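**Student:**
Number of protein chains: 2
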Amino acid sequence: MLRAAKRLFASKGYAATTVRDVLREAGVTAPVLYYHFGNKEGVFLALAREAREKIDAAVEAALGRGATASERIRGYCRAIAAVRRDDADLVRIADSILSGPPEAAPRFDIRSAIAETVRRLETLVRQGIESGELRPCDARSVALALLGAVEIAARPVWFTRGKRSCRDPLDRILSVILQGLAGSSAPRGGGRRRP
Amino acid sequence: MLRAAKRLFASKGYAATTVRDVLREAGVTAPVLYYHFGNKEGVFLALAREAREKIDAAVEAALGRGATASERIRGYCRAIAAVRRDDADLVRIADSILSGPPEAAPRFDIRSAIAETVRRLETLVRQGIESGELRPCDARSVALALLGAVEIAARPVWFTRGKRSCRDPLDRILSVILQGLAGSSAPRGGGRRRP
DNA sequence: GTCTATACAATGATAGAC
DNA sequence: GTCTATCATTGTATAGAC
């Protein structure tokens, strides 16, 4: 039942999805839904909670892996991107809360989850600076730039140019940002860095 | 009448906004709306078209100003950000088409407008590389990173930490990206560059 | 072009039996 | 816990007079 609601909310949005849609897709009757979730909003909130937990878990698991700061940052960003890819429906629902119209869906605090993500990215950057791997810079702005990279890479829209992408677009965007932050001793060529 | 619809679509989303809402907010009666726009979708499309034209115009006007490539890029990004700030409702509607659920709103091709923006950013970066101001790099990925910066900076969410932001968040994120791309002769300190 | 009045389908939600 | 049947409301859209 939740699976049906997830698919529908993701593809049509909360407001445009009717309770009847969910019922038909799930093959249950109205009282079942209302008994378990109270109302339409209850179904949505259950889903939003699930989304938040799933993302938190996936991202938590990706923390602290990788030798260098750059690799840890890359790994973290990849983890976020992977969640977006693997559970696109759930993420779409999360997005509709975050960037969608304020009243399009019931209120749910997903912003704090993202704020936490930014804070962690910031920490990773700061550690890179302290270890000398990255040059001194505004860690918070770097974190936001990285988040922007993930955000943009998550949209399949830009990458339908036909063509082959020899590398993952996210990786390439991250390279752009991270190369610019490399410490003074790092190579500065335009291509991919090979340690 | 369009103003009323704009505000409502922006705050509640397309699906959640009823024709009655629009009528009440605009102080007109139903036949007026149906006479001029055919139906609810017609109102939305009129609004979407207006958004696209407005953004195109504002962004076009910002092209080719500024002495250095970095400044031209900054100016361009600022222009996009300015549109987002000054006509937040319209942009929110555009966003709901772009990143929102596929069927949440009537289809309207706004992606080509953004693709055009990316292409222009790419060109600016490429020119910077050719003039030697920027070091060789993957221009398209840089353009996407810049777009991500604008995207992130447009969300007032992250910047409610109380505190004063001594500089515009967008500017700071752009600095992070652009400093990393500076040619070999550029200064590499962490703070703001002062030419 | 705009009004009053309304048709008529779809909506979220519930009552009461089992 | 789940069913059938249904309610009250709200939804989009229109007819026909002015």
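These protein sequences, in sequence, are chains U and A. Mapping of the first sequence onto the working numbering: residues 155 to 349, in sequence order. Mapping of the second sequence onto the working numbering: residues 155 to 349, in sequence order. Backbone N, C-alpha and C define an ideal beta-carbon position, used for all residues, glycine too. Please read these numbers as outputs of a predicted model, since none were measured by experiment.
Going by other Cβ atoms of all chains shown within 10 Å of its Cβ, with 16 needed for buried, is Glu284(A) buried or exposed?
**Tutor:** As a first step, residue 284(A) is located in the second sequence; it is residue number 130 there, counting from the start. So Glu284(A) ends up on the exposed side.
**Student:** What does the Cβ neighbour count give for Pro255(A), buried or exposed, with the cut at 16 atoms within 10 Å?
**Tutor:** On the second sequence, residue 255(A) is found 101 positions in, with the first residue counted as 1. Result: buried.
**Student:** Does the CB of Lys208(U) have a neighbour CB from chain A at under 9 Å?
**Tutor:** Residue mapping note: residue 208(U) aligns to position 54 of the first sequence, counting from 1. Answer no: the Cβ-Cβ gap between Lys208(U) and chain A never drops below 9 Å.
**Student:** Is the CB-CB distance between Ile264(A) and Ala202(A) below 9 Å?
**Tutor:** The count along the second sequence starts at 1 and reaches residue 264(A) at position 110. The count along the second sequence starts at 1 and reaches residue 202(A) at position 48. Yes. Within cutoff.
**Student:** Please classify Arg348(U): does DSSP put it in a helix, a strand, or coil?
**Tutor:** The residue given as residue 348(U) occupies position 194 in the first sequence. Note on Arg348(U): pLDDT 41, under 50, position unreliable in the model; no value is reported.
**Student:** Within the 9 Å Cβ cut-off, does Ala167(A) reach chain U?
**Tutor:** As a first step, residue 167(A) is located in the second sequence; it is residue number 13 there, counting from the start. Correcting the residue type first, residue 167(A) is Gly in the shown sequence and not Ala. Chain U contact via Cβ: present.
**Student:** Does the region 161 to 178 of chain A come into contact with the region 321 to 329 of chain U, if we say contact requires no fewer than three beta-carbon pairs (one atom in each stretch) closer than 8 Å?
**Tutor:** No: fewer than three Cβ pairs fall under 8 Å.
**Student:** What are the boundary residues of the alpha helix (DSSP H) that Cys291(A) is part of?
**Tutor:** Locating residue 291(A) in the second sequence gives position 137, counting from the first residue. Cys291(A) -> no alpha helix (DSSP H), and no H or E assigned at all.
**Student:** Using a Cβ-Cβ distance cut-off of 9 Å, determine whether Leu278(A) contacts chain U.
**Tutor:** Against the second sequence, residue 278(A) aligns to sequence position 124. Not closer than 9 Å to any Cβ of chain U, the Cβ of Leu278(A) fails to qualify, so no.
**Student:** I'd like to check one pair, Ala297(U) with Ile327(U): are the Cβ atoms closer than 9 Å?
**Tutor:** The residue labelled residue 327(U) in the question sits at position 173 within the first sequence. The residue labelled residue 297(U) in the question sits at position 143 within the first sequence. No.
**Student:** Compare the C-beta of Gln333(A) against all C-beta atoms of chain U and say whether one is closer than 9 Å.
**Tutor:** As a working mapping, residue 333(A) is identified with position 179 in the second sequence. So yes, Gln333(A) belongs to the interface.
**Student:** If we call anything under 9 Å between Cβ atoms a contact, is Ala258(A) one with Ile209(A)?
**Tutor:** Stepping through the second sequence from its first residue, residue 258(A) is reached at position 104. Stepping through the second sequence from its first residue, residue 209(A) is reached at position 55. No, these two residues do not count as a Cβ contact at 9 Å.
**Student:** Rounded to the nearest angstrom, what separates Asp249(A) and Val237(A) at their Cα positions?
**Tutor:** Taking the second sequence and counting its residues from 1, the one referred to as residue 249(A) is at position 95. Taking the second sequence and counting its residues from 1, the one referred to as residue 237(A) is at position 83. Distance between the alpha carbons of Asp249(A) and Val237(A): 13 Å.
**Student:** Consider the Cβ of Ile227(U): report whether some Cβ of chain A lies at a distance smaller than 9 Å.
**Tutor:** The residue you call residue 227(U) lines up with position 73 of the first sequence. So no, Ile227(U) is outside the interface.
**Student:** Just the C-alpha distance for Asp292(U) and Leu278(U), rounded to the nearest angstrom, thanks.
**Tutor:** In the first sequence, residue 292(U) corresponds to position 138, counting from 1. In the first sequence, residue 278(U) corresponds to position 124, counting from 1. Spanning the two alpha carbons is a distance of roughly 12 Å.
**Student:** Assuming Leu177(A) contacts Thr183(A) under a Cβ cut-off of 8 Å, what Cβ separation, rounded to an integer in Å, is found between them?
**Tutor:** Looking up residue 177(A) in the second sequence gives position 23. Looking up residue 183(A) in the second sequence gives position 29. About 6 Å separates the two Cβ atoms, so the contact holds.
**Student:** Taking the alpha-carbon positions, what's the Leu332(A) to Val197(A) distance?
**Tutor:** Working through the second sequence from its first residue, we reach residue 332(A) at position 178. Working through the second sequence from its first residue, we reach residue 197(A) at position 43. Distance between the alpha carbons of Leu332(A) and Val197(A) is about 41 Å.
**Student:** Considering only residues of the same chain and omitting the five flanking positions on each side of Leu275(A), which have a CB-CB separation below 6 Å?
**Tutor:** Position 121 of the second sequence, counted from the start, is the residue given in the question as residue 275(A). Excluding positions up to five away in sequence, the list reads Ala297 and Leu300.
**Student:** Against chain A, with Cβ distances strictly below 9 Å, would Ile234(U) count as a contact?
**Tutor:** The count along the first sequence starts at 1 and reaches residue 234(U) at position 80. No, Ile234(U) lies away from the interface with chain A (no Cβ there is under 9 Å from its Cβ).
**Student:** Which residues share a DSSP beta bridge with Ala336(U)?
**Tutor:** Reading the first sequence from its first residue, position 182 is the one you call residue 336(U). DSSP, once it has assigned bridges, lists Leu288(U) as partnering Ala336(U).
**Student:** So, are the CB atoms of Ala215(U) and Asp241(U) less than 9 Å apart?
**Tutor:** The residue given as residue 215(U) occupies position 61 in the first sequence. The residue given as residue 241(U) occupies position 87 in the first sequence. Against a cut-off of 9 Å, the Cβ pair of Asp241(U) and Ala215(U) comes out as no contact.
**Student:** Any beta carbon of chain A sitting closer than 9 Å to that of Pro101(U)?
**Tutor:** Past the boundaries of the shown model lies residue 101(U); chain U is included only from 155 to 349, so the question cannot be answered.
**Student:** So Leu288(U) and Leu217(U) are in contact, right, with Cβ under 8 Å, and what is the actual spacing, rounded?
**Tutor:** Along the first sequence, one-based indexing puts residue 288(U) at 134. Along the first sequence, one-based indexing puts residue 217(U) at 63. Leu288(U) to Leu217(U), Cβ: 18 Å. No contact.
**Student:** So Leu156(A) packs on Val173(A), CB below 8 Å; how close in whole Å?
**Tutor:** Here residue 156(A) is taken as the residue at index 2 of the second sequence, counted from 1. Here residue 173(A) is taken as the residue at index 19 of the second sequence, counted from 1. Not confirmed; about 14 Å, so no contact.
**Student:** Report yes if the C-beta distance between Gly229(U) and Arg239(U) is below 9 Å; otherwise report no.
**Tutor:** Sequence index remark: in the first sequence, residue 229(U) carries index 75 (1-based). Sequence index remark: in the first sequence, residue 239(U) carries index 85 (1-based). Cβ atoms of Gly229(U) and Arg239(U): not closer than 9 Å.
**Student:** Per DSSP, what kind of secondary structure is Leu275(A) in: helix, strand or coil?
**Tutor:** Locating residue 275(A) in the second sequence gives position 121, where the first residue counts as 1. Correct three-state label for Leu275(A): helix.
**Student:** Run through chain U and tell me which residues come within less than 7 Å of Arg246(A), C-beta to C-beta.
**Tutor:** For the purposes of this step, residue 246(A) is identified with residue 92 of the second sequence, where counting begins at 1. Result: Pro255.
**Student:** Give the single residue among Ser253(A), Gly181(A) and Ala233(A) whose Cα lies nearest to the Cα of Glu305(U).
**Tutor:** For this step, residue 305(U) is matched to residue 151 along the first sequence. Measuring from the Cα of Glu305(U), the nearest candidate turns out to be Ser253(A).
**Student:** Look at the Cβ atom of Val260(U), then the Cβ atom of Tyr189(U), and state whether they are nearer than 9 Å.
**Tutor:** Within the first sequence, numbered from 1, the residue matching residue 260(U) stands at position 106. Within the first sequence, numbered from 1, the residue matching residue 189(U) stands at position 35. In the sequence as displayed, the identity of residue 260(U) is Pro instead of Val. Not in contact: Pro260(U) and Tyr189(U) (Cβ atoms no closer than 9 Å).
**Student:** What runs of the alpha helix (DSSP H), each 4 residues or longer, lie entirely inside the region 218 to 273 of chain U?
**Tutor:** Segments of the alpha helix (DSSP H) lying fully in the region 218 to 273 of chain U: 223 to 240 and 242 to 252.
**Student:** Please classify Gly286(U): is it buried, with 16 or more other beta-carbons within 10 angstroms of its beta-carbon, or exposed?
**Tutor:** If you number the first sequence from 1, residue 286(U) lands on position 132. Flag for Gly286(U) reads exposed.
**Student:** Would you check if the distance between the CB atom of Thr271(A) and the CB atom of Ile234(A) is smaller than 9 Å?
**Tutor:** Mapped onto the second sequence, residue 271(A) falls at position 117. Mapped onto the second sequence, residue 234(A) falls at position 80. Yes; because the gap between Cβ atoms is below 9 Å, this pair is in contact.
**Student:** Report the option in Ser224(U), Val245(U) and Pro290(U) whose CA atom is closest to the CA atom of Glu207(U).
**Tutor:** Here residue 207(U) refers to the residue found at position 53 when the first sequence is read from its first residue. Comparing Cα-Cα distances from Glu207(U) to each of Ser224(U), Val245(U) and Pro290(U), the minimum goes to Val245(U).
**Student:** Answer with yes or no whether the minimum CB distance from Gly302(U) to chain A is below 9 Å.
**Tutor:** Locating residue 302(U) in the first sequence gives position 148, counting from the first residue. Closer than 9 Å to some Cβ of chain A, the Cβ of Gly302(U) qualifies, so yes.
**Student:** How many angstroms separate the CA atom of Pro185(U) from the CA atom of Ser295(A)?
**Tutor:** Locating residue 185(U) in the first sequence gives position 31, counting from the first residue. Locating residue 295(A) in the second sequence gives position 141, counting from the first residue. If you take the alpha carbons of Pro185(U) and Ser295(A), they lie about 51 Å apart.
**Student:** How would you list, in chain order, the residues of chain A whose beta-carbon sits under 7 Å from the beta-carbon of Asp249(U)?
**Tutor:** For the purposes of this step, residue 249(U) is taken as residue 95 along the first sequence, with counting starting at 1. Ordered by position in chain A, the residues that pass the 7 Å Cβ test against Asp249(U) are Ser253.
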